[in-house]
Amino acid sequence: DTGVSQNPRHKITKRGQNVTFRCDPISEHNRLYWYRQTLGQGPEFLTYFQNEAQLEKSRLLSDRFSAERPKGSFSTLEIQRTEQGDSAMYLCASSLVYLGRGSGANVLTFGAGSRLTVL
Amino acid sequence: QQQVKQSPQSLIVQKGGISIINCAYENTAFDYFPWYQQFPGKGPALLIAIRPDVSEKKEGRFTISFNKSAKQFSLHIMDSQPGDSATYFCAASLTGGGNKLTFGTGTQLKVEL
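Protein chains in written order, with this note's numbering: chain A, 1 to 119; chain B, 1 to 113.
As structure tokens, this is what we get:
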């Protein structure tokens, strides 16, 4: 198990271009989260999946953002028509949640992130 | 809307000293309070976590103190070491809300020799 893997690690793009980030979670994990982190701030929740179902999207996730987890394994986060304000670190995290049980610790394991710079 | 407030923004501690980072939350429904440690170029990594049914949890040199009535919790790092120099984030989550974490703004800790 190599942990949560994110690619690419760095992406520089021009305003208006589309970018896509990929996240490969820990293999047995059924939940996958996307967060955005700007300089000097804590990560902010964007969206999360339970297997292949996208269960919640933050208001931070504008129509230009779309996330998928087609087979309940890896996930992609696409940003269309990028803006300079999209420049940030995009973090993916995964966890294993036992459905139907009482509240247990949902330990999120984060990847190293994909840093986006929009020129 | 900042639901978890963290202070201080930065902290310098001498080697062997105690580092203390404080957080306050607003949502009384939060039921899980982890602390994450982040090194430059890395993602946050879970350090220690607590649930509101206990007032303190200790793991090695790291202790969380939790005050439910004041809606505050803090991280104490005993015998701070240069290798502890990192950014620390408190967070809170609600089990019934997808366990998504709401993070504080972070504290940059530097431990000097």
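All C-beta atoms in this analysis are idealised placements derived from N, C-alpha and C, irrespective of residue type, glycine included.
#1: Could you check the C-alpha separation between residue 82 of chain B and residue 111 of chain B for me, to the nearest Å?
#2: Give me the subset of the region 89 to 109 of chain B whose CB atoms are less than 9 Å from a CB atom of chain A, sorted by chain position.
#3: Looking at the unbroken beta strand (DSSP E) that takes in residue 117 of chain A, where does it start and where does it end?
#4: From the beta carbon of residue 46 of chain B, is the nearest beta carbon of chain A less than 8 Å away?
#5: Does residue 57 of chain B get closer than 8 Å to chain A when you measure Cβ to Cβ?
#6: Would you say the region 22 to 42 of chain B touches the region 45 to 64 of chain A, given that touching needs at least three Cβ pairs under 8 Å?
#7: Verify whether the separation of the beta carbon atoms of residue 107 of chain A and residue 86 of chain A is less than 8 Å.
#8: Going along chain A, which residues have a C-beta under 7 Å from residue 43 of chain B?
#9: Should residue 43 of chain B and residue 21 of chain A be called a contact, given that it needs their Cβ atoms to be closer than 8 Å?
#10: Return the first residue and the last residue of the beta strand (DSSP E) that residue 73 of chain A is part of.
#11: Quick check on residue 43 of chain A - is its C-beta less than 8 Å from some C-beta in chain B?
#12: Applying the criterion that 16 or more other CB atoms from any shown protein chain within 10 Å of the CB defines a buried residue, is residue 99 of chain B buried or exposed?
#13: Give me, in chain order, the residues of the same chain whose beta-carbon lies closer than 6 Å to that of residue 92 of chain B; leave out the 5 immediate sequence neighbours on both sides.
To lay it out plainly:
#1: The count along the second sequence starts at 1 and reaches residue 82 of chain B at position 82. The count along the second sequence starts at 1 and reaches residue 111 of chain B at position 111. Distance between the alpha carbons of residue 82 of chain B and residue 111 of chain B is about 5 Å.
#2: The residues in question are 89, 90, 91, 93, 95, 96, 97, 98, 99, 100, 101, 102, 103, 104, 105, 106, 108.
#3: Locating residue 117 of chain A in the first sequence gives position 117, where the first residue counts as 1. It spans 114 to 118 - the beta strand (DSSP E) in which residue 117 of chain A sits, taken as one unbroken run.
#4: Numbered from 1 along the second sequence, position 46 holds the residue referred to as residue 46 of chain B. Interface residue, yes.
#5: Position 57 of the second sequence, counted from the first residue, corresponds to residue 57 of chain B. Residue 57 of chain B does not count as touching chain A.
#6: Contact between the region 22 to 42 of chain B and the region 45 to 64 of chain A is absent, because fewer than three Cβ pairs lie under 8 Å.
#7: Here residue 107 of chain A refers to the residue found at position 107 when the first sequence is read from its first residue. Here residue 86 of chain A refers to the residue found at position 86 when the first sequence is read from its first residue. Cβ atoms of residue 107 of chain A and residue 86 of chain A: not closer than 8 Å.
#8: One-based indexing of the second sequence puts residue 43 of chain B at position 43. 91, 110, 111, 112, 113, listed in chain order.
#9: Here residue 43 of chain B is taken as the residue at index 43 of the second sequence, counted from 1. Here residue 21 of chain A is taken as the residue at index 21 of the first sequence, counted from 1. Contact: no.
#10: By 1-based counting over the first sequence, the position of residue 73 of chain A is 73. Per DSSP, residue 73 of chain A is not a residue of any beta strand (DSSP E), being assigned neither H nor E.
#11: By one-based count along the first sequence, residue 43 of chain A stands at place 43. Chain B, which has a Cβ nearer than 8 Å to the Cβ of residue 43 of chain A, makes this yes.
#12: Reading the second sequence from its first residue, position 99 is the one you call residue 99 of chain B. Flag for residue 99 of chain B reads buried.
#13: In the second sequence, the residue the question calls residue 92 of chain B occupies position 92. Counting only Cβ-Cβ distances below 6 Å, and skipping sequence neighbours, we find 4, 25, 30, 33, 102.
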